[in-house]
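Chains as they are written, first to last, in the numbering used here: chain E, 539 to 1332; chain L, 1248 to 1419; chain A, 56 to 347.
Where a beta carbon is used, it is the ideal one built from N, C-alpha and C, also for glycine.
To start, the structure under review is shown below, and the notes come after it.
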Amino acid sequence: MTTELHPQTTPEVGGMGHSVKRKEDPRFIQGKGEYIEDVNLPGQLWLDIVRSPYAHAKIKSIDATEALKIPGVAAVVTGKDLEGYKLHWMPTLAGDMQMVLPVDTVMYQSQEVAAVIATSRYAAADGVAAVEVDYEPLPVVVDPKKALQPDAPVLRTDRGPDKQTNHIWHWESGDAAAADEALANADVRIAEDIYIPRIHVASIETCGIVADWNPIRQQLTMHLTTQAPHAIRTVVALVAAGAGLPIYEHNIRVKTHDIGGGFGGKVPVYPGYVLAVAASFLTGKPVKWIEDRSENLQADSFARDYHIHAEMGATKDGKIQALKVRTIADHGYTDAAADPSKFPAGLFNVITGSYDFPNAFVEVDGVYTNKPPGGVAYRCSFRVTEAVHAIERMVDILAHDIGKDPAQLRMENFIQPEQFPYHTPTGWEYDSGDYPKALQKALDLIGYDELRKEQAEKRARGELMGIGISSFTEIVGAGPSHDFDILGLKMFDSCEIRVHPTGKVLARLGVQSQGQGHETTFAQIIAEELGFPVADIKIEEGDTDTAPYGLGTYASRSTPVAGAATAIAARKIKEKARLLAAHLLEASPDDLEWTNGRWSVKGSPDRFKTIQEIAFAAYTNHPQGMEAGLEAVDYYDPPNLTFPFGSYIAVVDIDKGTGEVTVRRFVAVDDCGNIINPMIVDGQIHGGLTMGLAPALYEQITYDELGNNLAGTFMDYLLPTAVETPAWELEKTITPSPHHPIGAKGVGESATVGAPPAIANAVVDALWHLGVRNIDIPITPPKVWRILHDKGIS
Amino acid sequence: MTTQHVSLTVNGQPMEADVEPRLLLVHLLRDVFGLTGTHVGCDTSNCGACTVHVDGRSAKSCTVLAVQASGSEIRTIEGMADGATLHPLQQAFWDQHGLQCGFCTPGMIMQSAWLLEQNPHPTDDEVREGISGNLCRCTGYVNIVKAVQQAAGQLSASESAPVAAAATVDAS
Amino acid sequence: MIPAQLDYVRPASLDEALRILVDREGEAKLLSGGYSLIPLIKLRLAQPALLVDLQSVPGLDAIAETDDALVIGARATHRDIHESAVIRDRYPGIVDVAGGIGDPQVRNWGTIGGSVAHADPASDWPAFLLAANATIVCRGQGGEREVPARHFFVDTFTTAIEPTEVLTGIRIPRRAAGVGGAYQKLERKVGDFATAGVAAIVRIDAGGTIVGSGIGVTGVSASPYAAVDAESALAGKRPGDDAFRAAGQAAAAMSQPVSDVRGPVDYKRAMVAELTVRALRRATERALAFNG
């Protein structure tokens, strides 16, 4: 990265702007990380799950006789057993209801049907194979559009007499009448159906739990793969209260350990977790459940599955006037998307993107089908990927339609730097941005004009090459408490800092790293604010008995929210340190100034106290009337979201014989505001880009008409390897967030959000002269071949 | 349930156990021997998180029965560092930010170690091909390739040191 | 994913292995590298009562060229084959196959014998063995027999080998002057099974005419097949895209693909034609450059 950073601290201190090597890495590179499967407790039992082969069926009977004969099998738990404890249903984070185990009907293939508890992993698996379930198949609803037709079977008959429909909710944003009028008056009007397919995060570690109910202490410890430990604790307490179980929140402890990737897939509460807790409660022993990859892909939370119809109007020279978007959201059999309560379609109404739209209207309808529940679990801040894909495809189509270069059209329609803070027609206030600068940097870096010449020459020779741009705007850092909550819990986050007498620091946060490097970056924020070296700062997360309450890590919210809490907590300490220093220096606090980790007397720089000296004094020599100690906590309620952005350019080559697409080059210019650790930011972008490449070209969960999952293992769910992944080329611009204490915006998901349309636009660009306007992702070789074949090219 | 006796060398230490013949090598290492650095990420031999060396060849230990490996020499991530001194690949993954969540890392390091034993001076494309049986969901592979190249440079430099010295003498 | 209960033996000789296969017929399954079988056992799609591991049976992993054949031991791994000096020198088509199977770890342990006996309908070796008119050496207690590859692959996961026999090796006709081979595989990503794979071998005489050819196709039928119609189409032709395209069409016409996650039927047929052309181009280059 060549963008100039100007760290204010020395490399030894390692504050913001330094590429500090990660503090968490020594354990990982030596095989000494502690992931959930590494947690083993004395006397623990293993849990394994019987799953449905049918996508929709009545359960006529469950016979555990043979299973219970297997040595080591202790119990088989069914929905009927749980019903006795009112534990057969549980609330989802979206406020819908989800079965823990079905009493009579299964709703998707691989749904949990029964749990086997045994003394070993192998015996539990044998027990699962021996449980006999008699099913009566029912009609399957796979297509969400068909689900809305009047003759479709109603899947969720549990919802009460006024809700006997597969329609879950309707949500809309913007001014429909104004958008309609602007569209009617537009010189140019385009419309497109764009499907964003169902995908799966597939973190390399699957999900798991060791549930440990101690009947003597009446204490439940959940060793758990969760991105939101505190929220999970509260949910468990509420469910237990609803079931009348004596499990109270002060006696529930969630511990996360190291997490092998999350990306949103470890936010929900899965039935396996509840089963393990129930089994531990019933047996009085620790119960361990580690999910298989097949279970993970077939039953856990998915993402996307948005059927979008978009219309856009513009003047004849390409000034865009209006956007109207109608979307069907396939949620599977229950809405378990962990969206904030007010936003059942997430932040999808950020769909006006980086462009100055006078008018826009967005509506989304949620629908039930016979598929697993979920919706937002793929490194995406609440439906932003769907929005960005749609708008970036539409802008490209418009450019091609009116014969204007897609870069030029973007430049002419961008929200300009002087328009910030910018209010969108769907109600967001963008905090800051400089979109033309980022795109120009990307164009320069990739050599755009030369590539266009090369493309023209190749096209003349019959070769297929495309260049695609995506100039995305992200929306992260949920969120301000007036609008953002999950199950009523406001989406603040927290940091507690304790400075020990010898000048060493312990900080605890309510968020949860899953590989993002929190142990390093949050230490760097404290180093920046207080001057303690990063090496002297320990960061802890993921133990609800010790960490302050927070909503967790997802949707790129850790830096925008918990990062802000960390800075503010540090500043509280700095202020107390000023009073201590004044006492030590026998000066007025107002006469002190802060530089490089010390308070000194203005005009007398040799009269100072270092933060370490002050820390010692806080415990050994504090003034009368002042509390001892040097600690602070902050619960940060962000005043607004933050809006990272960037411009990406992909260059693709297409094999005319096979339809294979190769990403030859990919330039990513990102702006995530001020940068804490450039190395880690680049790593986040590398990973995010790869999780953008994946759905663009490879990954998709598809179902046949019977609801069978056709991508239920890594044999068919195609994560890119190092061979498919290009050598990403990164650059930055830096436009600080004006409202964030350290000017940072968050970066984890930008690249996943921004990359797919760059690749899709490049492929369509290569084929536009053949009459191609859109190809839905993933752009597989058969799809491209079909086009070429139909045009007589292949 | 019948068991069979397995004895093998793990990271230079002789180890043995009585196991069910169906026990997977990865579970022998993790659950019986407590070497939890080797991870399981899939059921189908695709992800490579469980990669270890069996008699000097990289293998996916979730696709090998413990009884198959009896009599073999096994090397796992726990056997890479020399006391407090990291293996050059471990150091390089740290230096180059070649890991994020760390879950694929042991398998990735073991596969890279085997790769560099076969091909001490790989091109970037050869590194990418060499780790194509290992999935990483976090890093986008860029920094893993850099890490393998850093280690390749260090490993070959340490091996060729005497040669370099001789060349210096010749030049004088 | 946990295997069902099973038993395991590791015979020290071929005779011992054969005796076990007879004694436990119907229960015993041979285990070579394991990279095809163990995943099926973990998914409980295969539940053999007894695994007979061939790793300690000596003499099954040699690779050697004789006067008339290249002989590859059944327990030679894909990597052994890929790195073999004689194969690197003289059999680039085999290098194509061996270098593209699975991933590096699979190639470290997976064996040609195990792969051929497993007979996955999309596996790579059968295509080449069919094209090369190789023979499969099978040993039973009654002795050894050689089964032509073209009679070996009977159906999906079904071959001509008897359950009491051990596949001991592969014999590939020794490469002669003017002969070249190549394998072209289309996969969704590296390490995948073939969407389609085509192996081609051509023999070109001094006058520049194709005087013999073999085309083997995988991934697009219940079992890999020899595209004999394509071979007929090439006979007596000058090598070039016209002849190759005709051969490709003929090879595609013989395919019986099913529509699945790898693509629809007409796409797979078209890929057979395309890969046949590409394999023939490369095989021809190699044939013209090889003087024995």
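Query: Residue-chain proximity (Val320 of chain A, chain L), Cβ-Cβ < 8 Å; Result: no
Query: Inter-stretch contact (C-beta, 8 Å, three-pair minimum) for the stretch 141-160 of chain A and the stretch 176-183 of chain A; Result: yes
Query: Contiguous beta strand (DSSP E) assignments of at least 3 residues, all confined to the stretch 958-1033 of chain E; Result: 1002-1011
Query: Proximity test, Cβ basis, 8 Å: Glu293 of chain A and chain E; Result: The residue asked about is misnamed: residue 293 of chain A is Arg in this sequence, not Glu. No, Arg293 of chain A lies away from the interface with chain E (no Cβ there is under 8 Å from its Cβ).
Query: C-beta contact flag for Gly168 of chain A and Arg130 of chain A at 8 Å; Result: yes
Query: Contact set for Ala915 of chain E: own chain, Cβ-Cβ below 6 Å, skip 5 residues either direction; Result: Val739, Gly802, Gly803, Ser839, Ala841
Query: Whole-Å CB distance - Ala1115 of chain E paired with Ile1152 of chain E, under 8 Å assumed; Result: 5 Å
Query: Beta-carbon spacing of Thr1290 of chain E, Thr923 of chain E below 8 Å; Result: yes
Query: Short CB-CB distance (under 8 Å) between Tyr733 of chain E and chain D; Result: Here chain D cannot be found, since the structure's protein chains are E, L and A.
Query: Cutoff 6 Å; reference Gly1250 of chain E; Cβ partners in own chain excluding five residues on either side; Result: Ser832, Leu835, Gln836
Query: Continuous alpha helix (DSSP H) stretch holding Pro1353 of chain L: start and end; Result: 1352-1365
Query: Cβ of Arg99 of chain A within 8 Å of any chain E Cβ; Result: yes
Query: Of the residues A:Leu106, A:Asp321, A:Thr166, A:Gly235, the one placed nearest Arg79 of chain A, counting alpha carbons only; Result: A:Leu106
Query: Euclidean distance between Cα positions of Pro1274 of chain E and Cys918 of chain E; Result: 22 Å
Query: Assigned secondary structure, Pro1261 of chain L (DSSP; H/G/I helix, E/B strand, else coil); Result: strand
Query: Short Cβ contact (8 Å threshold) for Val680 of chain E with Thr907 of chain E; Result: yes
Query: Close-in-space but distant-in-sequence residues of the same chain around Pro1261 of chain L (CB under 6 Å, 5 per side omitted); Result: none
Query: Own chain residues within Cβ distance below 8 Å of Lys244 of chain A, not counting five before or after; Result: none
Query: Below-8 Å beta-carbon distance, His1344 of chain L vs any chain E residue; Result: yes
Query: Cβ-based contacts, 9 Å cut-off: residues of the stretch 1296-1309 of chain E near chain L; Result: none
Query: Whole-angstrom C-beta distance between Pro629 of chain E and Met635 of chain E, which should lie under 8 Å; Result: 6 Å
Query: Length of the line joining the Cα atoms of Val558 of chain E and Ala1065 of chain E; Result: 11 Å
Query: Residues bridged to Tyr63 of chain A [DSSP beta-bridge criterion]; Result: A:Leu106
Query: Other residues of its chain near Leu1179 of chain E: CB distance less than 7 Å, five sequence neighbours each side excluded; Result: Ile1013, Val1014, Gly1015, Ala1016, Gly1017
Query: Pro545 of chain E versus Ile866 of chain E: straight-line alpha-carbon distance, rounded; Result: 47 Å
Query: Reduced DSSP secondary structure (H/G/I, E/B, other) of Trp1306 of chain E; Result: helix
Query: Burial state of Gln957 of chain E (16 or more Cβ within 10 Å); Result: exposed
Query: Per-residue DSSP class, three states only, for Cys193 of chain A; Result: strand
Query: Val316 of chain A versus Ser1332 of chain E - alpha carbon distance; Result: 21 Å
Query: Inter-residue Cα distance where the pair is Phe819 of chain E and Asp576 of chain E; Result: 22 Å
Query: Under 9 Å from the C-beta of Trp180 of chain A: neighbouring residues of chain L; Result: Simply none; closest approach about 18 Å.
Query: Contact with chain A by Gln1396 of chain L, beta-carbon distance below 8 Å; Result: no
Query: Ser1096 of chain E classed as buried or exposed, judged by whether at least 16 other C-beta atoms fall within 10 angstroms; Result: buried
Query: Cβ-Cβ distance between Asn188 of chain A and Gly269 of chain A below 8 Å; Result: yes
Query: The stretch 1082-1098 of chain E in contact with the stretch 1233-1250 of chain E per 3-pair CB rule at 8 Å; Result: no
Query: DSSP state of Thr1097 of chain E mapped onto helix, strand, coil; Result: helix
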